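Notes to accompany the following structure.
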Amino acid sequence: MSTTPAVNDHRRLGRELGLFDTDPLIGAGLPYWLPDGAAVRHALAEYLHAVERRAGYLHVASPVLGKRELYEISGHWAHYRDDMFPPMDVGDEQLVLRPSLCPHHALIYRSRSRSYRELPLRMAELGGMYRSERSGVLGGLSRVRAIQLNDAHVFCALEQVAGEVREALELIRRAHRALGVAPARYRLSLPGPGGKYVDDPELWRRSTALLREALDEAGLPYEEDEGEAAFYGPKIDVQVVDDLGRETSLSTVQVDFHLPERFDLRYVGADGARHRPVMVHRSIVGSVERAVAHLIEVHAGAFPAWFAPVQLAILPVTEAERSAAEELARRGLGRDLRAVVADPERGTLGARVREARLVPYQLVIGPAEAAEGLVAVRLRDGRRLPPLPAEEVLERVSALVAAHSTALWEPAPVVEENAPA
Ligand SMILES: [Zn+2]
3 MSTTPAVNDH RRLGRELGLF DTDPLIGAGL PYWLPDGAAV RHALAEYLHA VERRAGYLHV
63 ASPVLGKREL YEISGHWAHY RDDMFPPMDV GDEQLVLRPS LCPHHALIYR SRSRSYRELP
123 LRMAELGGMY RSERSGVLGG LSRVRAIQLN DAHVFCALEQ VAGEVREALE LIRRAHRALG
183 VAPARYRLSL PGPGGKYVDD PELWRRSTAL LREALDEAGL PYEEDEGEAA FYGPKIDVQV
243 VDDLGRETSL STVQVDFHLP ERFDLRYVGA DGARHRPVMV HRSIVGSVER AVAHLIEVHA
303 GAFPAWFAPV QLAILPVTEA ERSAAEELAR RGLGRDLRAV VADPERGTLG ARVREARLVP
363 YQLVIGPAEA AEGLVAVRLR DGRRLPPLPA EEVLERVSAL VAAHSTALWE PAPVVEENAP
423 A
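Have a look at this one:
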């Protein structure tokens, strides 16, 4: 965490590091991702898909548009219309850019008859959604109009809800560790006066009790805040604080009895009768945009290797080692590592090392290393390792990346601490 306020402002760093930008012709709140930013985003998406797959989620894909009636049924039209883009007239229908993925997932659940044996049915999608933010509040990646949401809905029986909430909290905890993120606090978000909420006190009482129970069982301290609930139910929000001291929600878990009612969702129980499932909405990192904004600030652009835009900077000392450097970069790419050659035309070795200061691994190849198939490794934190076989370095970096580790090197055979570049 920075001691100087705003020094790590993701808007400034994002531009300086070539991660994302905007164009007035595309519009405010509609940033585009440059190759290095897209690399971070793709690494994050691949991680989420992998952990979700392993946790038993099934991935679906659904369109970013839906008919206005869909959102009338879900309640978004009545409770959330101020945050939605106006509908588009297409023939005699009205289409809406979706403000959330939940209604589509409810319909996918409903598209087949469901048995209790399929529950809990965990449905995940990294999908687009839209929010009609006013241009005055837009900035960088933290407030945008087009959002890519890491979303999932667990359709389950009532007695499975507490377990599913606990498991979602555990996925969130593990993801925060891999991302190098420390939550500021857990918040139980409750309805407040004046908000537009579904009017069903019994529903609110039951879902709030389930969330409290899950937080207590997980041993997580939390605070209750009124006025922060979703319109259809209470939620657990995992809060982080940015470099300006502003708090935002990164992750969320919600218990919802409302949408299953609205969409008349059912499953056939062991007793042969039809029962109503409960929906647990959960997001491990929230929107990709807000997550990356936070990661830029937390790490000041020096990302853990597994989501660093460039993982290996390969530096031939002179032109004579250029072909060895290019060969090593090809082998790195062959292992799915993001490798670039910083050749001598780009300046002195010292200048190239400084230019690559955010890259976790700088692999220097001089005449001696080139002759022996070795590389001299400089870690981003200033440690220098003795020359190692190039293949061993690729192997170790690949293993750390595959493990989504935040460590730069293990074990740490350090020869020189904080050597000057
Ligand atoms: Zn949802």
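Just so we're aligned: 358 in our numbering is position 356 of the sequence shown, and the numbers increase by one with no gaps anywhere. We put the beta carbon where it would ideally sit given N, CA and C, even for glycine. Just so it is clear, the structure is predicted and the values come from calculations on it, not from any experiment.
Any chance the CB of residue i is under 7 Å from a heavy atom of ligand 1?
{"i": "residue 103", "result": "yes"}
{"i": "residue 239", "result": "no"}
{"i": "residue 155", "result": "yes"}
{"i": "residue 283", "result": "yes"}
Buried or exposed: residue i, going by 16 or more other Cβ atoms within 10 Å of its Cβ?
{"i": "residue 90", "result": "exposed"}
{"i": "residue 319", "result": "buried"}
{"i": "residue 15", "result": "buried"}
{"i": "residue 221", "result": "exposed"}
{"i": "residue 80", "result": "exposed"}
{"i": "residue 68", "result": "buried"}
{"i": "residue 88", "result": "exposed"}
{"i": "residue 132", "result": "buried"}
{"i": "residue 102", "result": "buried"}
{"i": "residue 76", "result": "buried"}
{"i": "residue 129", "result": "buried"}
{"i": "residue 374", "result": "exposed"}
{"i": "residue 85", "result": "exposed"}
{"i": "residue 306", "result": "buried"}
{"i": "residue 173", "result": "buried"}
{"i": "residue 207", "result": "exposed"}
{"i": "residue 298", "result": "buried"}
Over the uninterrupted beta strand (DSSP E) stretch that includes residue i, give me the two end residues.
{"i": "residue 127", "result": "123-132"}
{"i": "residue 187", "result": "187-192"}
{"i": "residue 283", "result": "280-285"}
{"i": "residue 228", "result": "224-228"}
{"i": "residue 363", "result": "363-367"}
{"i": "residue 377", "result": "376-381"}
{"i": "residue 316", "result": "314-318"}
{"i": "residue 46", "result": "No beta strand (DSSP E) contains residue 46, which is instead part of the alpha helix (DSSP H) from 37-56."}
{"i": "residue 341", "result": "341-343"}
{"i": "residue 255", "result": "249-258"}
{"i": "residue 92", "result": "90-92"}
{"i": "residue 240", "result": "237-243"}
{"i": "residue 97", "result": "95-99"}
Tell me which same chain residues have a C-beta within less than 7 Å of the C-beta of residue i, skipping the five on either side of it?
{"i": "residue 421", "result": "Annotation note: pLDDT 44 at residue 421 (below 50); position unreliable, coordinate value reported separately. Cβ neighbours of residue 421 beyond the five flanking positions: 384 and 386."}
{"i": "residue 65", "result": "none"}
{"i": "residue 295", "result": "12, 142, 143 and 144"}
{"i": "residue 72", "result": "105"}
Going by beta carbon distance, what residues of the same chain come within less than 6 Å of residue i, once the five residues before and after it are set aside?
{"i": "residue 108", "result": "261 and 265"}
{"i": "residue 61", "result": "126"}
{"i": "residue 180", "result": "406"}
{"i": "residue 268", "result": "276"}
{"i": "residue 186", "result": "241, 242 and 243"}
{"i": "residue 122", "result": "156, 158, 162 and 166"}
{"i": "residue 205", "result": "259"}
{"i": "residue 78", "result": "101"}
{"i": "residue 328", "result": "343"}
{"i": "residue 24", "result": "33"}
{"i": "residue 413", "result": "none"}
Using a Cβ-Cβ cutoff of less than 8 Å, which residues in the same chain neighbour residue i once the five nearest sequence positions on both sides are dropped?
{"i": "residue 382", "result": "304, 359, 360, 361, 362, 363, 364 and 410"}
{"i": "residue 38", "result": "19, 20, 21, 311 and 312"}
{"i": "residue 369", "result": "319, 320, 322 and 323"}
Just curious, the alpha helix (DSSP H) that residue i is in, first and last residue?
{"i": "residue 73", "result": "70-76"}
{"i": "residue 170", "result": "163-181"}
{"i": "residue 215", "result": "203-219"}
{"i": "residue 148", "result": "Residue 148 -> not in any alpha helix (DSSP H); beta strand (DSSP E) instead, spanning 148-158."}
{"i": "residue 298", "result": "290-301"}
{"i": "residue 402", "result": "392-404"}
{"i": "residue 330", "result": "324-336"}
{"i": "residue 111", "result": "104-112"}
{"i": "residue 353", "result": "351-357"}
{"i": "residue 14", "result": "12-18"}
I want to see whether chain B comes within less than 8 Å of residue i, judged by CB atoms only; does it?
{"i": "residue 116", "result": "Within the model displayed, chain B is absent; a lone protein chain is all it includes."}
Closer than 8 Å is the cut-off here; do at least three beta carbon pairs connect the segment 184-195 with the segment 148-160? no
Please confirm if the segment 107-123 is in contact with the segment 138-149, defined as three or more CB-CB distances below 8 Å between the two stretches. no
Just checking, does the segment 329-340 make contact with the segment 388-399 on the three C-beta pairs under 8 Å criterion? yes
Is the number of C-beta pairs between the segment 281-290 and the segment 246-261 that are closer than 8 Å three or more? yes
Are there three or more Cβ pairs, one per stretch, closer than 8 Å when the segment 221-233 is compared with the segment 198-205? yes
The segment 284-304 contacting the segment 141-149, beta-carbon criterion three pairs below 8 Å: yes
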